[in-house]
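This note's numbering applies: residue 4 is where the sequence shown begins, and numbers increase by one. Please read the structure below before turning to the comments.
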Amino acid sequence: MAVGMFLSCGNTDKEIQEVSHTYDGPLETSEGVTMYFSDQGEAQIKLESPLMHRYLMEENEMRLECPTGMKVTFYDSIGEVESVLTANYGEMYSNKEFIKVKDDVVFINNKDEELNTELLHVDFKKDSVYTHEKVVVSSPKGTISGVGLHSNSNFTKYKVHNINNGVYNMEENALEKNMNNNE
Numbered sequence: 004m005a006v007g008m009f010l011s012c013g014n015t016d017k018e019i020q021e022v023s024h025t026y027d028g029p030l031e032t033s034e035g036v037t038m039y040f041s042d043q044g045e046a047q048i049k050l051e052s053p054l055m056h057r058y059l060m061e062e063n064e065m066r067l068e069c070p071t072g073m074k075v076t077f078y079d080s081i082g083e084v085e086s087v088l089t090a091n092y093g094e095m096y097s098n099k100e101f102i103k104v105k106d107d108v109v110f111i112n113n114k115d116e117e118l119n120t121e122l123l124h125v126d127f128k129k130d131s132v133y134t135h136e137k138v139v140v141s142s143p144k145g146t147i148s149g150v151g152l153h154s155n156s157n158f159t160k161y162k163v164h165n166i167n168n169g170v171y172n173m174e175e176n177a178l179e180k181n182m183n184n185n186e
């Protein structure tokens, strides 16, 4: 024997929608933030921001927004600074292990190579940094500009795409080797 129960309430669909509307603002706002992300107890990344908003997205994804700037320091396996990324705006997604930075983006590695662009994506799962925007990479050896760049996530190895200008001083040995191969 099946027993059914039907309930009715006096609220309209519009009233129910108003009550069930979810809050889409930040769960938390913090000032003067320094966060460390580690692997097996060793710091890999330090994130600093003067202001940070924390949002809960779908599927428990946490989004950290830094609307007034972000500085990310990358460390190598022995705890030495490998590279530093700064921007006037940044977002970090916890589950995706992804950072998006924009507005006056500067990425400097431990070889004094400096990347300048307006938008950059860092995908830690793929050990990848990329942009499709205009880039300028400066180093003690010279300067290269182009449109687009791919790199590993700590900017120690990179490739500039669609190079449109550059002055780059090659090392003497590399130049001699290259010239000897052309003979």
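By construction, the Cβ of each residue, glycine as well, lies at the ideal position given by its N, Cα and C atoms.
DSSP state of residue i, grouped into three classes?
i, result
"glutamate 62", "helix"
"methionine 173", "Legend: pLDDT at methionine 173 = 49, less than 50; position of this residue unreliable, no value from coordinates given."
"glutamate 116", "coil"
"proline 70", "coil"
"isoleucine 48", "strand"
"glutamate 85", "strand"
"asparagine 239", "Within the shown structure, residues of the chain are numbered from 4 to 186, placing residue 239 beyond reach of any answer."
Smallest Cα separation from residue i: which of the options?
i, options, result
"glycine 151", "Val139, Glu34, Met38, Asn98", "Val139"
"serine 154", "Asp106, Phe127, Cys69, Asn168", "Phe127"
"glutamate 62", "Lys99, Asp115, Glu31", "Lys99"
"methionine 65", "Gln47, Asp27, Glu116, Pro143", "Asp27"
"tyrosine 161", "Ser33, Met95, Ser131", "Ser131"
"threonine 89", "Val109, Tyr96, Gln47", "Val109"
"glutamate 43", "Gly82, Pro29, Arg57", "Residue identity differs from the one stated: residue 43 is glutamine in this sequence, not glutamate. Comparing Cα-Cα distances from glutamine 43 to each of Gly82, Pro29, Arg57, the minimum goes to Gly82."
"tyrosine 58", "Ser141, Phe101, Thr32", "Thr32"
"lysine 114", "Leu30, Val75, Thr134, Gly145", "Gly145"
"valine 70", "Met60, Val163, Pro29, Gln47", "Checking the sequence shown, residue 70 turns out to be proline, not valine. Of Met60, Val163, Pro29, Gln47, the residue nearest in Cα terms is Pro29."
"isoleucine 102", "Thr134, Leu118, Glu116, Glu117", "Thr134"
Identify, in the order they occur along the chain, each residue of the same chain with its Cβ nearer than 6 Å to the Cβ of residue i, setting aside the five sequence neighbours on each side.
i, result
"asparagine 157", "Phe77, Glu85, Ser86"
"glutamate 136", "Thr120, Glu121, Leu122"
"glutamate 34", "Leu54"
"alanine 177", "Residue placement at alanine 177 is flagged as unreliable, the pLDDT there being 41, under the threshold of 50; the coordinate-derived value follows with that caveat. Here the set comprises nothing."
Could you tell me whether any non-hydrogen atom of the ligand SAH is closer than 6 Å to the CB of residue i?
i, result
"tyrosine 78", "Within the structure as shown, the ligand SAH is missing, as the structure has no ligands at all."
Starting from residue i and walking both ways along the beta strand (DSSP E), at which residues does that stretch end?
i, result
"tyrosine 92", "92 to 96"
"phenylalanine 77", "73 to 78"
"histidine 135", "131 to 142"
"phenylalanine 110", "101 to 112"
"isoleucine 147", "145 to 154"
"glutamate 34", "31 to 42"
"tyrosine 26", "Here tyrosine 26 belongs to no beta strand (DSSP E), and DSSP marks it neither H nor E."
"lysine 160", "Looking at the DSSP string, lysine 160 is not in any beta strand (DSSP E), and its letter there is neither H nor E."
Under 7 Å Cβ to Cβ from residue i, same chain only, skipping five residues before and after it: list those, please.
i, result
"asparagine 91", "Gly72, Asp106, Asp107"
"isoleucine 19", "At isoleucine 19 the pLDDT is 49, less than 50, meaning the model places this residue with poor confidence and gives no usable figure here."
"tyrosine 96", "Glu64, Arg66"
Residues in the same chain with beta-carbon distance under 8 Å from residue i, minus the five sequence neighbours each way, listed in chain order, please.
i, result
"glycine 7", "Here the model assigns glycine 7 a pLDDT of 45, short of 50, so the residue's position is not dependable, and the following value carries that caveat. If we look at glycine 7 and ignore the five residues flanking it on each side, it has no Cβ neighbours."
"asparagine 165", "Gly149, Val150, Gly151"
Do residue i and residue j have their C-beta atoms within less than 7 Å of each other?
i, j, result
"asparagine 112", "threonine 159", "yes"
"glutamate 68", "glutamate 94", "yes"
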